[in-house]
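Adding 1267 to a residue's 1-based position in the sequence shown gives its number in this note's numbering.
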Amino acid sequence: MAGFTVALVALPLALAFGIASGAGPAAGLYSAIFAGFFTSLFGGSQLNVSGPTGAMTVVLVDIVNRHGVEGMLAAGAMAGVMQIALGFLRLGNFVKFLPHAVIAGFTNGIAVLIFLSQVEDAWQEPIVAAATAAGMLAALRWFRRTIPPAIWGLLAGVLVNEVLIHTPHIVGELPTGLPQVALPWPDASLWGELLKPALTICLLGSIEALLSAEVADVMSGQRHNGNRELIGQGIGNLVAALVGGVPVTGAIARTAVNVKSGARTRLAGMLHAVFLFVLVYVLGPWASRIPLASLAAILMITAVRMADLEGLRLIPRARWTYGVTLIATMVLTVVQDLTIAVAAGVALAMVFAVVELANPQVRTRAMNAVMGWAERGRQGSLPVHPDVQVVAVEGPLLFVGVERLRERLSRMPARVLVLDFTGVSTVDESGALMVGRLAEELHREGRVLYIGGIGREPLRMLVRMGVLGSIGRRRVTLTLAAAVMRAQAEAQAMARA
């Protein structure tokens, strides 16, 4: 039953995405049937259902416009080879390292592109489009448990068109037999130009497929094999190219329907392809009468439903870096392309993460508390000196933010400054040189720098960078207690001088 239900969902979407991509309805159907079968057979998820998707359609439109359908088929085949290679290289978990803001950004950008791309077709016959949307929305509210909403929408659109409109803008004749198998092989001069489109298809297809597999895992309690899933997706895209279909990827909506309909094994995904083939053969004459405006309305509603509205709602509550990354990725997806958008979004998120992680925190510590903790037995014989200030530095000392930290520390008024390095885990070359410059700056002003509680790795970096001479070897200690005691003694000596 799960396979048949998913086939009902897939039929109108395969038609719509095939037409929207510019490759035609047959290309969408062939992909959903043949590539959908083989991705279920060879994929790493028992429940993931693959086929043409809205996100992939946005990418394919540009490829078809630039290089034609033959170029799209070749790019799809190249992407399939790339995905198989990624699977064998065991890169099936890379999607887990994509920040949520990047995923939400390109998802919303793709939703905007899908919606805008269908406005023209919907506007050709607005009454048909409105009837389709009304039927689909009504089904979403009242009848979604019986027949998929897109089917209700198509029924409403076809009925209105046959009774009132009689538009000539319809799907047209559909294939009822097996496709011809041919290896796409464009001119040699095109292979270099197709490399970037193929990379985009590979990137988007892999991300969507792995996200869809994650959704299936959450809903079913199963666990997918990401590497095998990429191999299965690659095989599916090679098959799609051979039969003249558009590239495919994991379809989250169809996967969710598959799980909710009771699927437990990959057989359901394979049967969905078989049932879809039968439906096309049986319903082909009826499906050929579907108005293009109806399919446009379905895609517009699909775009609204696929938008990550929760990600947008998080912007006011999350840190400002989340919103900047999401909006930047979304805008670049709309005005540039997906590859640039994802690369820029990841780079931006990494920069924000490095800045945050490498921005050490500084806290002034009360001297009496430090002395009481460090040297209770000797506190009475060594009174707290007012010229000594202990500052706790927490976090890694990396190239980001070290100059700002140096300026802040150099402005502290104490004649003897003790840096508590107990909370410093890592010091890079820039951090070590900053400490050396701080010591030299304080020395020129007649002041002294101590470092206490330093770990062995940070100490090795200070030695390697030659900054111990600027500080003084006896002023760098492994324990905070030793540094504080020596600082106290030197402050008293400076006061007597």
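By construction, the Cβ of each residue, glycine as well, lies at the ideal position given by its N, Cα and C atoms.
Quick caveat: nothing in here was measured; it's all calculated off a predicted structure.
- Assignment of Q1313 by DSSP, reduced to helix, strand and coil, places it in the coil class.
- Taking 8 angstroms as the upper bound for CB-CB distance, I1437 and P1558 are in contact here, some 5 angstroms apart.
- G1311 and V1485 have their C-alpha atoms roughly 15 angstroms apart.
- The three-state reading of DSSP puts A1681 in coil, since its state is none of H, G, I, E or B.
- In this structure, M1617 lies away from Q1385, with their beta-carbon atoms at least 8 angstroms apart.
- V1602 and P1464 have their C-alpha atoms roughly 16 angstroms apart.
- Within the same chain, V1362 come within 6 angstroms of I1474 by CB-CB distance, once the 5 residues on both sides are set aside.
- A distance below 8 angstroms between beta-carbons, with the five flanking residues on each side excluded, links T1374 to the following residues of its chain, in chain order: A1322, M1573, A1574, D1575, G1578.
- Here N1360 is exposed: its Cβ has fewer than 16 other Cβ atoms, across all protein chains shown, within 10 Å.
- Checking the DSSP bridge columns, you'll see L1686 partnered with V1658, I1718.
- DSSP, reduced to helix, strand and coil, places T1588 within a helical segment of the structure shown.
- L1356 is classed as exposed because its beta carbon has fewer than 16 other beta carbons within 10 Å across all chains shown.
- In summary, W1587 is exposed, with fewer than 16 beta-carbon neighbours lying within 10 Å of its beta-carbon over all protein chains present.
- Pairing T1693 with G1662, the inter-Cα distance amounts to about 8 angstroms.
- Taken in chain order, the complete alpha helix (DSSP H) segments of 4 residues or longer contained in the region 1382 to 1449 are 1393 to 1405, 1416 to 1427.
- Selection R1704, V1667, A1518, L1665 evaluated against S1677 yields R1704 as nearest (Cα-Cα).
- CA-CA distance, T1689 to V1273, rounds to 59 angstroms.
- Secondary structure note for D1484: its alpha helix (DSSP H) is the uninterrupted segment 1455 to 1487.
- For P1558, DSSP records a beta bridge to I1437.
- The three-state secondary structure of L1664, taken from DSSP, is strand.
- DSSP places R1630 within a strand segment (E or B) once states are collapsed to three.
- V1629 and V1655 do not touch by the CB rule: their CB atoms are close to 16 angstroms apart, not below 8 angstroms.
- Rounded to the nearest whole angstrom, the CA to CA distance from T1606 to L1497 is 18 angstroms.
- Straight through space, the alpha carbons of Y1717 and A1754 are spaced by roughly 7 angstroms.
- With distances taken between CA atoms, L1426 lies nearest to V1395 out of T1600, E1481, V1369, V1395.
- With fewer than 16 other beta carbons inside 10 angstroms of its own, G1529 counts as exposed.
- Residue pairing by DSSP places V1598 opposite no residue, since no beta bridge is assigned to it.
- Between the alpha carbons of A1405 and W1419 lies a gap of roughly 8 angstroms.
- Closest in alpha carbon position to L1700, among L1470, D1687, V1328, M1728, is M1728.
- Of all alpha-carbon atoms in L1308, F1301, A1281, L1445, the one lying nearest the alpha-carbon of A1535 is that of L1308.
- Straight through space, the alpha carbons of P1366 and S1317 are spaced by roughly 24 angstroms.
- The continuous stretches of alpha helix (DSSP H) do not include E1712, and DSSP gives it neither H nor E.
- One alpha carbon belongs to Y1548, the other to G1444, and they sit about 8 angstroms apart.
- T1516 sits in a strand when the DSSP states are folded into three classes.
- In this structure, the alpha-carbon of T1532 lies about 29 angstroms from that of P1292.
- For V1336, the three-state secondary structure derived from DSSP is helix.
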